[in-house]
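So the structure is just underneath, and the comments pick up after that.
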Amino acid sequence: MPSLLSSSLLQMPPLLFSLILSLMLCGIIADESPPSPGYYPSSQVSSVAFDQAYRNLWGPQHQRLDQSGSLTIWLDSYSGSGFKSIRPYRSGYFGAAIKLQSGYTAGVITCLYLSNNQDYPGDHDEVDIEFLGTIPDKQYVLQTNVFMRGSGDKNNVIGREMRFHLWFDPTQDFHHYAILWTPTDIIFLVDDVPIRNYPRKNDATFPERAMYVYGSIWDASSWATENGKYKADYKYQPFIGRYKDFKLQGCTTQSSSSCQPPSPSPPGYNSLSPQQYNAMQWVQNNYLVYDYCRDPTRDHTLTPEC
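All the letters of the sequence shown, read from the start, carry residue numbers -30 to -1, 1 to 276 under mature numbering (1 follows the signal peptide of the UniProt record, and there is no 0).
In structure tokens form, the structure reads like this:
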């Protein structure tokens, strides 16, 4: 939680102040928004109709596309649902506006991610934005992760997780979440604010092979909510994920070698600008809840980028 309370809060009646303070301490109400990043990568990418870029992958009976172009997918005791981009990409900007379900969603994962697991089973690459389901009165956790060359397939999974709370309630409205993958960086963005930059430090720790874009909702009760403490409870079904304003622009496997992905920053910067970096630091200072590089229980010889 940001350290300072605004003067308007301090002037409220005591009972109302106590209620709002309790909600802030629980993380349900945030007192601030991030500093402006000064640059908005999503504005450089046109929206695309879902059926022009994606196809249902599984659970077609649990997926509905309405006339406005909004997609609803849901999980119940029978099935979840997922979709996949028509083309694979070597780099690019991949985003969507997503609205999450409120209430009891423990054990349920709603996600947008890149992967080539169908092309390289047992040896795949993956870049994740995953919303870890929660219980009432606790915040959602947004997990970002990067796998390469099967590091997510083996018995000893080598995750590169960074997890965040958000400075807003993601169940109240749509917010835009995106992965911007360039030859030198993987940047995770929330409403154009960078929350994480995973730079290419060497070839062994950076995914290079083409990946498809996926979205899905599924049951991950064994680990999703507080390491599996709370499971999916189907008396609350269906669990719903809503997606719209799909943005996708990048270099496919058919693009020329001169193809470049959208820029993550203003002209003159190779990666994030100082203003973008400042906004990212604000998010990490206030809302980062786990960083694999700072976990003393991890074997960091397996994650040399740390």
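Cβ atoms here follow ideal geometry from the backbone N, Cα and C, with glycine treated the same way.
In whole angstroms, what is the alpha-carbon distance linking Gln251 and Tyr260?
Near 14 Å, if we compare the C-alpha coordinates of Tyr260 and Gln251.
In the region 154 to 205, which residue ranges form an unbroken beta strand (DSSP E) of at least 3 residues, counting only runs that do not cross its ends?
The qualifying runs are 155 to 160, 163 to 169, 182 to 189.
What's the call for Asp95, buried or exposed, on a 16-neighbour Cβ count within 10 Å?
By the 10 Å Cβ count, Asp95 comes out buried.
Taking Cβ to Cβ, would you say Gly52 is nearer than 8 Å to Trp151?
No.
Using the three-state DSSP reduction, which class does Cys81 fall into: helix, strand or coil?
If DSSP states are grouped into helix, strand and coil, Cys81 belongs with the strands.
Are the CB atoms of Asp155 and Asn172 nearer to each other than 8 Å?
Taking 8 Å as the Cβ cut-off, Asp155 and Asn172 do not qualify as a contacting pair.
Can you give the beta carbon distance from Tyr206 to Gly73, rounded, assuming they're within the 8 Å contact cut?
Indeed, because the Cβ distance is near 6 Å, the residues count as touching under 8 Å.
What does the alpha-carbon distance come out to for the pair Arg264 and Thr273?
Answer to the nearest angstrom: the Cα atoms are 11 Å apart.
Between the Cα of Pro4 and the Cα atoms of Trp137, Pro244, Arg57, which residue gives the shortest distance?
Among Trp137, Pro244, Arg57, the Cα nearest to that of Pro4 is on Trp137.
My guess is that Gly39 and Val78 are in contact by the Cβ rule of under 8 Å, so how many angstroms apart are they, rounded?
At roughly 24 Å, the Cβ-Cβ gap does not stay under 8 Å, so Gly39 and Val78 are not in contact.
Comparing C-alpha positions only, which one of Ser235, Gln109, Gln14, Ser6 sits nearest to His135?
The shortest Cα separation from His135 among Ser235, Gln109, Gln14, Ser6 belongs to Gln109.
Once DSSP output is grouped into helix, strand and coil, what is the label at Ser(-23)?
In this prediction, Ser(-23) has a pLDDT of 40, which is less than 50 and means its spatial position is unreliable; what the coordinates show is noted afterwards. Helix at Ser(-23).
Skipping 5 residues on each side, what residues in its chain have a beta carbon closer than 7 Å to that of Gly50?
Hits under 7 Å: Gly29, His32, Ser186, Ile187, Trp188, Asp189.
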